[in-house]
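This report concerns only the one structure given below.
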Amino acid sequence: MKIPKIIHIVWIGDESKTPRKMIDTWRKLNPAWRVVVWGNTELRKTRWINRTHINAMVSARRWCGAADIMRYEILFNHGGFAVDADSVCTRPLEDWLFDSQVCASMENERVRPGLVANGYLAAEPQSALMAELVMGLAKKTTVLDDLPWIVTGPKYLSDTLSRLAYANITYWPSHYFIPEHFTGQRYLGHGHVFSNQIWGTTKGMNDRLVNFHV
305 MKIPKIIHIV WIGDESKTPR KMIDTWRKLN PAWRVVVWGN TELRKTRWIN RTHINAMVSA
365 RRWCGAADIM RYEILFNHGG FAVDADSVCT RPLEDWLFDS QVCASMENER VRPGLVANGY
425 LAAEPQSALM AELVMGLAKK TTVLDDLPWI VTGPKYLSDT LSRLAYANIT YWPSHYFIPE
485 HFTGQRYLGH GHVFSNQIWG TTKGMNDRLV NFHV
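Following my numbering, the numbering of the sequence shown begins with 305 at its first residue and continues without gaps.
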């Protein structure tokens with residue numbers, strides 16, 4: 305089985321603020337891929353295993369946490385490549401990127417060593433890792449006991465990978481998809497850069513992404 309050519313992007317909440325220009329960069333540069341945007345309709349109609357946790361995140365307006373939970377279930381059910389909505393594709397995706405059952409980007413090797421970013425996460429359908437992530441969340445009594453990046457995001461993903469000693473995974477260097485970290489650490493090399501991460505949630509910019517100049 306291979307990772308299907310589907311790019312998944314989650315944007316829930318105020319759909320008038322959807323960063324369509326940014327999302328369109330993924331469509332324009334990757335015509336062989338199908339881009340699926342998961343919005344409020346999909347949130348409402350899909351039968352989520354972790355519906356209770358998603359609703360809790362939505363009620364708390366922790367949109368990124370709800371998106372994390374949705375992302376794992378989407379990748380388990382459909383497979384493909386999940387990317388953050390606040391990202392701009394700068395180079396067509398290459399087939400050689402997707403060479404394992406799961407592929408994921410490091411967040412930043414210098415300022416966040418060992419932390420795996422869940423904002424650029426690819427998987428085959430029904431992968432063991434996505435199943436573990438989904439069921440691990442299902443066992444939690446709450447997802448509001450700490451910040452989303454810890455409970456559902458990169459820390460949760462990284463801890464799960466470490467606990468499982470998961471081996472069927474390719475770790476992409478951070479500069480492929482996150483060449484500039486929110487701390488200001490920048491990649492200045494000449495290697496492949498496929499996207500830029502804008503850090504909308506971290507920088508409090510999500511309401512302004514709709515007007516972001518691409």
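By construction, the Cβ of each residue, glycine as well, lies at the ideal position given by its N, Cα and C atoms.
If the criterion is Cβ atoms closer than 8 Å, does the pair residue i and residue j meet it?
i	j	result
W330	V387	yes
V341	I327	yes
G369	T445	no
S478	E398	no
I307	A427	yes
F486	F498	no
N381	P429	yes
V438	A360	no
V415	Q489	yes
D390	P483	no
What would DSSP say about residue i, mapped onto helix, strand or coil?
i	result
Y475	strand
G317	coil
S462	helix
Y424	strand
P452	helix
L437	helix
R416	strand
Measuring alpha carbon to alpha carbon, tell me which residue in the options is nearest residue i.
i	options	result
D372	V339, K332, E411 and A421	A421
L465	I378, K443, W337 and A432	A432
K459	A360, G423 and P323	G423
T291	K443, D390 and L492	This structure cannot settle anything about residue 291, because the visible part of the chain is limited to 305 through 518.
field: Whole runs of the beta strand (DSSP E) within the region 312-395, excluding any shorter than 3 residues
entry: 338-342, 384-387 and 391-393
- request: Taking 8 Å as the threshold, find out whether the region 375-392 comes into contact with the region 359-367 through three or more Cβ pairs.
  value: No: the two stretches stay apart, fewer than three of their Cβ pairs being nearer than 8 Å.
task: Answer yes if the region 460-473 comes into contact with the region 394-409, meaning at least three C-beta pairs across the two stretches below 8 Å, and no otherwise.
output: yes
- prompt: Between the region 392-404 and the region 342-351, do three or more beta carbon pairs fall short of 8 Å?
  reply: no
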